[in-house]
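Asker:
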Amino acid sequence: MSDLVSQNVNMIFKSLKGETVHALKDISFTLKKGELLTVLGPSGCGKTTLLNIAAGFLRPTSGTITLGGKEINGPGLERGMVFQQGALFEWLTVNENVNFGLRMKKEDPVKTAKKVEEWLDIVGLQGFGNTPTYQLSGGMQQRVALARCLINDPDLILMDEPLGALDALTREKMQSLVLKIWKETGKTIILITHSVEEALLLGERAYVMAPRPGRIHKEYKLPFASLGLKEDLREIKNNKEFVTKREEILSMIWDMEEEIMGKENLG
Amino acid sequence: MITGIFTFLIIFAVIGSILYGQKLIKTEKSDAVFGNPERAKGGIHWVIVGTSFLLFTWLYYSWDIAKSFYPKSANELCQVAKVNESLLSLKYLFPIEERSHKSTALIKRENINISDKIIEIQNSPDLKNQVKEKFVNLLNKTRQTIPLLTNEKYLEIETKNTINELTNRIKQLTEDFPKDNYPPPLSEEEENKRIEATKKQLGWGATGMEVPPLPESKVGLKFHTAAQELNSISDEFFAMRNHHPEYLRLLNEIRDEIKEYRNSLNDDQEIETTYIKEIKKLGQRIEYESVFPPNTLDEMEKAIRVFDKVQKKEQGATRIKDMLLFPGGTIVASGPTCAEDGPGRWLPKPSDTFRIFGDLLKPSVGFKMIPMIWYEMMGVNRIVGFLLPNWIADIMPGKYPVHTSDGTVEPNFKSKVLDVVTGEFEAFKIPVPTGHIWDSFLRVFLGLTLGIILGVPLGLFMGLNRFAKGFFDPLVELYRPVPPLAWAPLVITVFGIDNVGKVFLLFMVSFSIMIISARAGASGTQLSKIHAAHSLGASRWQILRNVIFPNSLPEILTGVRVAVGMCWGTLVAAEFLAGTTGIGFVENVARKYMQYEVIWITIFVMGMLGLLFDVTIRKIIDKTIPWRGKG
Ligand SMILES: Nc1ncnc2c1ncn2[C@@H]1O[C@H](COP(=O)(O)OP(=O)(O)O)[C@@H](O)[C@H]1O
Ligand SMILES: [Mg+2]
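Same order as they appear, the protein sequences are chains A and B. Residue numbering for the first sequence follows the numbering used here, starting at 1119 and increasing by one per position. Residue numbering for the second sequence follows the numbering used here, starting at 487 and increasing by one per position.
(1) Which residues of chain A have a Cβ atom closer than 9 Å to the Cβ of B/His1017, listed in chain order?
(2) How about A/Lys1165: is its Cβ closer than 7 Å to a heavy atom in ligand 2?
(3) Can you give the beta carbon distance from B/Glu674 to B/Asp838, rounded, assuming they're within the 8 Å contact cut?
(4) Relative to the C-alpha of A/Gly1332, which candidate in A/Met1129, A/Gln1259, A/Asn1213, A/Asn1357 has its C-alpha closest?
(5) Under 8 Å, with one C-beta from each stretch per pair, do the region 660-678 of chain B and the region 620-636 of chain B reach the 3-pair mark?
(6) Restricting to runs no shorter than 3 residues, where is the beta strand (DSSP E) found entirely within the region 848-898 of chain B?
(7) Counting only runs of 3+ residues fully inside the region 800-841 of chain B, write out the beta strand (DSSP E) ranges in chain order.
(8) Can you give, in chain order, each stretch of the alpha helix (DSSP H) that sits fully within the region 546-593 of chain B and has at least 4 residues?
(9) With 8 Å set as the bound, which would you pick, yes or no: does the beta-carbon of B/Phe914 sit closer than that to a beta-carbon of chain A?
(10) Could you tell me the distance, in whole angstroms, from the CA atom of A/Gly1385 to the CA atom of A/Asn1213?
(11) Mapping the DSSP letters down to three states, classify A/Gly1385 as helix, strand or coil.
(12) From B/Pro581 to B/Lys588, what distance separates their C-alpha atoms?
(13) Would you say B/Asp959 touches ligand 2, meaning its beta carbon is less than 7 Å from a heavy atom?
(14) Can you list the residues of chain A that B/Gln1012 reaches, using a CB-CB cut of under 7 Å?
(15) Interface residues of chain B around A/Trp1209 at Cβ under 8 Å?
(16) Quick check on A/Gly1245: buried or exposed, where buried means 16 or more other Cβ atoms within 10 Å of its Cβ?
(17) Quick check: does the Cβ of A/Val1361 come within less than 7 Å of any heavy atom belonging to ligand 4?
(18) Along the chain, where does the alpha helix (DSSP H) containing B/Thr1122 start, and where does it finish?
(19) List, in order along the chain, the chain A residues whose C-beta lies closer than 9 Å to that of B/Ser1021?
(20) Along the chain, where does the alpha helix (DSSP H) containing B/His1133 start, and where does it finish?
(21) What do you get for A/Trp1372, buried or exposed, if any count of 16 or more other CB atoms within 10 angstroms of its CB means buried?
(22) If you follow the alpha helix (DSSP H) that B/Ala1076 is in, where does it begin and where does it stop?
(23) Looking only at DSSP bridge pairs, what is B/Pro917 linked to?
(24) Which residues, taken in chain order from the region 1283-1308 of chain A, show a beta carbon closer than 7 Å to some beta carbon of chain B?
(25) Any heavy atom of ligand 2 inside 7 Å of the beta-carbon of A/Asp1373?
(26) Please go through the region 644-695 of chain B and give each complete beta strand (DSSP E) segment of 3 or more residues, from N-terminal end onward.
(27) Looking at A/Leu1139 and ligand 1, is the gap between the Cβ and the nearest heavy atom below 7 Å?
(28) To the nearest angstrom, how far is it from the Cα of B/Pro1040 to the Cα of B/Ile938?
(29) Would you mind working out which of A/Leu1268, A/Phe1147, A/Ala1263 sits nearest A/Val1123, comparing C-alpha positions?
(30) Between B/Val986 and chain A, is there a C-beta pair that is closer than 8 Å?
(31) Between B/Ala972, B/Ser996, B/Thr1110, B/Gly1023, which lies nearest to B/Ala1060 when the distance is taken from Cα to Cα?
(32) Would you mind working out which of A/Ile1269, A/Leu1319, A/Leu1155, A/Pro1272 sits nearest A/Met1292, comparing C-alpha positions?
(33) Could you pull out every residue in the same chain whose Cβ sits closer than 7 Å to the Cβ of B/Phe927, ignoring the five residues on either side in sequence?
(34) Could you pull out every residue in the same chain whose Cβ sits closer than 8 Å to the Cβ of A/Glu1322, ignoring the five residues on either side in sequence?
(35) Please check if any C-beta of chain B sits within less than 8 Å of the C-beta of A/Lys1223.
Given below as structure tokens:
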């Protein structure tokens, strides 16, 4: 089973001046294959750090994180990433961006081209293959980023605020797309967001993280993602349970932010 | 002729454009707000006016308008200048263009000189009192010679007569000058000779800055003849000495005393020798200066003033042409020759410039026997021989052939390879470009290419690696801030003044720029892109090649653009320093021979080439990195 298991992961940053930042403290969780986890929390609580550790860009100070029983030790093809700004290679066309991974592996160009076409179809970019990426809108760029990541067929997809920079309408469409892809491919996904609504809508589970030191503050089990596959997302937002959960989490994060402000003003 | 038509065209263009501009303003809806940038859009007609204005300024200030409408005006002004020049030495005697009489100024100065010398001697720590006394005495005696020159009592009859005679000659000239029959006709033979000589002389501007000196018109001849008469008068005046026997007696007394004293001096009395020489010189100066009693020259002054007035009036139209069409200067005479003095001299006339530009472009003429840009046929063998290094033959198996006993040499495989790598074989010819412009271009191209090939990888490396950055930074930062030309003397010493030295200098320029821009590009790569590539399974080399390099391309190409500009500027200056070809060399030689047209042409060519390079690279940038600023 390719579960993601995190055991007592600690991350402590030391700056050259000798200051230490306890970015993550005793993070332990298990993510089953095919689960969609959303992570929520005020800025600076260690969300990106957690993701970078899972991706293998950072090594934790202590603790272990394993995927399918194998310890994560550097970036790998079985874990794909989607970044906030897409991090597309803007000098390449949509096709070249999407097939980047396969090109690096020197796979057969004909097969690659077919795969690219399929994935462009799935993310809704059919016919844009030869468009230079810098000419695309923000939403389309995120679609390319999704396709680029998915074409490598990773077990785990890590998304760091992938929809953060989009306008509300595009964002809603993209949320549906994420849900659709999750359903169709059955991938394990960790999605970081700073939008409470998004965390509730997309996650089967949601973690609310607290800062200083970064830790998992509260865990929610959510029914909305499975609903969202059938119903209109906007209707779910008016769901009574949804509204109470949203208000609860919002005030929780609000309090955390206040606390940070207070500490900063004192210090 | 062409200039004339051109002048009218310019005037029409300006008037037309201004009228069009007025019409345009009337048709536009009025805009009460000041500062609307929309109002700066369009305006081709103002470009026409601006260009015309520049052209007209060029035509006018290079005196090309004068030359095209009045080709003989320079020659006439030359004759006038001759009169002015001859008159000048006489005028200086009087407060006409000066503040005081020359005699007054001289006496004042010599009195001061003598007093200063006396004070200096009295304060000198190196002289004995006895010697000081002697020197001061001598100087006082020298001072006493002045009144002997300025007292009417001592003016000799002979001198008085000469002055009167010269004054009368000036008066006579004044009387004759305006007359129609002046100058008196020459004998037929002489007149023919004069006309012959006039026909032979070249036109205005034909040989650079000179103006034909022999008078070509009736008015010109008048002034020319008057100038000759004035020259003879002033020569005679300045040959005259106002030396009364009394003055000569005192002068001789001083001389004898000095001579006696100098004979008594030893070789080692250097200070005394120096002083006595200076005292002698002071006396001599007074002796040769034209000092006269106060009112002796009054009559002559009056005559000169009258003549000056008359000759100015006689200049008539020439004077007006001088004022209107020769802005910022005029034609000046120096002895028998005349020259342009003012912008007409250093601002070449468009007509001359285009003619010379045409000559320079002719491959058979060029500059210093080298065309500006042309082609020559070159055997492929020479190119092969240049490109292939000779050691290829050395590493081939076997030995070079040795001559046999019957005195022949049998070629073998190794020697045949040598023939190939040294270019000693028969081959067809292909055209290759040559010429000053091509040479300059090639130097820039080679220096730049070397700089890019070595600078970009090193710069990328420095942008990504702490060791590389730390290790190479001191090297680059120590040589980079030095103006490239400051390195030229060293580079030329090490690599020679020819192509290698210049290419190396340009390499130094482009290398540092490329390093800095590639480094900025590499260190500016967003981490998320590198992370993305990593998680897509790219290796280190693949990331460098497929992410970091293309991501740095905008910076690198901007660096290339800067480097081209810097290289071009440095090259021209380097060619100024040394070398035998190149556009900078052309300008330097033209400067030595005061070929102002060529100087301006080279300036123009350099500007155009610089612009061409910049536009080309800008085009390349737009083509290769359309995503710039949109990432
Ligand atoms: N490379 C680093 N060096 C030092 N401190 C870091 C580094 N990366 C992150 N941090 C600190 O760790 C904490 C968590 O950062 P991050 O994971 O980016 O927060 P989030 O993504 O939740 O906004 C922050 O206080 C940040 O300043
Ligand atoms: Mg973050």
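Glycine included, C-beta positions come from ideal geometry on N, C-alpha and C.
Answerer: Quick look at the numbers:
(1) Correct list: Asn1170, Ala1173, Phe1175, Pro1193, Met1199, Phe1201, Ala1205.
(2) Yes, since a heavy atom of ligand 2 falls inside the 7 Å radius drawn around the Cβ of A/Lys1165.
(3) With a Cβ gap of about 38 Å, B/Glu674 and B/Asp838 do not count as contacting.
(4) The candidate whose alpha carbon is nearest that of A/Gly1332 is A/Met1129.
(5) Result no; under three Cβ-Cβ pairs closer than 8 Å.
(6) Taking 3 residues as the minimum length, the beta strand (DSSP E) runs contained wholly in the region 848-898 of chain B are 860-865, in order along the chain.
(7) Fully contained in the region 800-841 of chain B are the following beta strand (DSSP E) runs of length 3 or more, in chain order: 816-820, 823-827.
(8) 550-555, 559-577, all fully within the region 546-593 of chain B.
(9) With its beta carbon at least 8 Å from every one in chain A, B/Phe914 lies outside the interface.
(10) For A/Gly1385, the predicted structure reports a pLDDT of 48, less than 50, and the residue's modelled location is therefore unreliable. The matter cannot be settled from this model.
(11) Bear in mind that the predicted position of A/Gly1385 carries a pLDDT of just 48, short of 50, making it unreliable; the figure below should be weighed with that in mind. Coil at A/Gly1385, not helix or strand.
(12) So the alpha carbons of these two residues sit roughly 8 Å apart.
(13) No heavy atom of ligand 2 is found nearer than 7 Å to the CB of B/Asp959.
(14) Close to B/Gln1012, with beta-carbon spacing below 7 Å, are these residues of chain A in chain order: Ala1205.
(15) Within 8 Å Cβ-Cβ: Pro1036, Asn1037, Leu1039, Ile1111, Trp1113.
(16) Burial is judged here by how many other beta carbons sit within 10 angstroms of a residue's own beta carbon; A/Gly1245 has fewer than 16 and is exposed.
(17) Although ligand 4 was asked about, the structure shown includes only ligand 1 and ligand 2 as ligands.
(18) A query on residue 1122 of chain B cannot be resolved here, the shown segment of chain B reaching from 487 to 1117 and no further.
(19) Within 9 Å of the CB of B/Ser1021, the CB atoms of chain A belong to Ala1173, Gly1174, Phe1175, Pro1193, Gly1194, Leu1195, Arg1197, Gly1198, Met1199, Gly1219, Cys1267, Asn1270, Pro1272, Leu1276, in sequence order along the chain.
(20) Because chain B here runs from 487 to 1117, residue 1133 of chain B falls outside it and cannot be looked at.
(21) Using a 10 angstroms sphere on the CB of A/Trp1372, the tally of other CB atoms stays under 16, which defines it as exposed.
(22) For B/Ala1076, the enclosing alpha helix (DSSP H) stretches over residues 1069-1078.
(23) Bridge partners of B/Pro917: B/Met863.
(24) Cβ contacts with chain B come from no residue of the region 1283-1308 of chain A.
(25) Checking the Cβ of A/Asp1373 against ligand 2 gives no.
(26) With a minimum length of 3 residues, no continuous beta strand (DSSP E) run stays inside the region 644-695 of chain B.
(27) For the record, residue 1139 of chain A in the displayed sequence is Val; it is not Leu. Taking 7 Å as the cut-off, the C-beta of A/Val1139 counts as close to a heavy atom of ligand 1.
(28) Cα-Cα distance, rounded: 14 Å.
(29) By alpha-carbon distance to A/Val1123, the top candidate from A/Leu1268, A/Phe1147, A/Ala1263 is A/Phe1147.
(30) So, not an interface residue.
(31) The shortest Cα separation from B/Ala1060 among B/Ala972, B/Ser996, B/Thr1110, B/Gly1023 belongs to B/Ala972.
(32) Nearest C-alpha to A/Met1292: A/Leu1319.
(33) Non-local C-beta neighbours of B/Phe927 in its own chain, meaning closer than 7 Å and more than five positions away in sequence, are absent.
(34) Exclusion of the five residues before and after A/Glu1322 leaves Glu1153, Leu1154, Leu1155, Lys1339, Leu1340, Ala1343, Ser1344 as the residues of its chain whose Cβ lies within less than 8 Å of its Cβ.
(35) Yes, A/Lys1223 lies at the interface with chain B (some Cβ there is under 8 Å from its Cβ).
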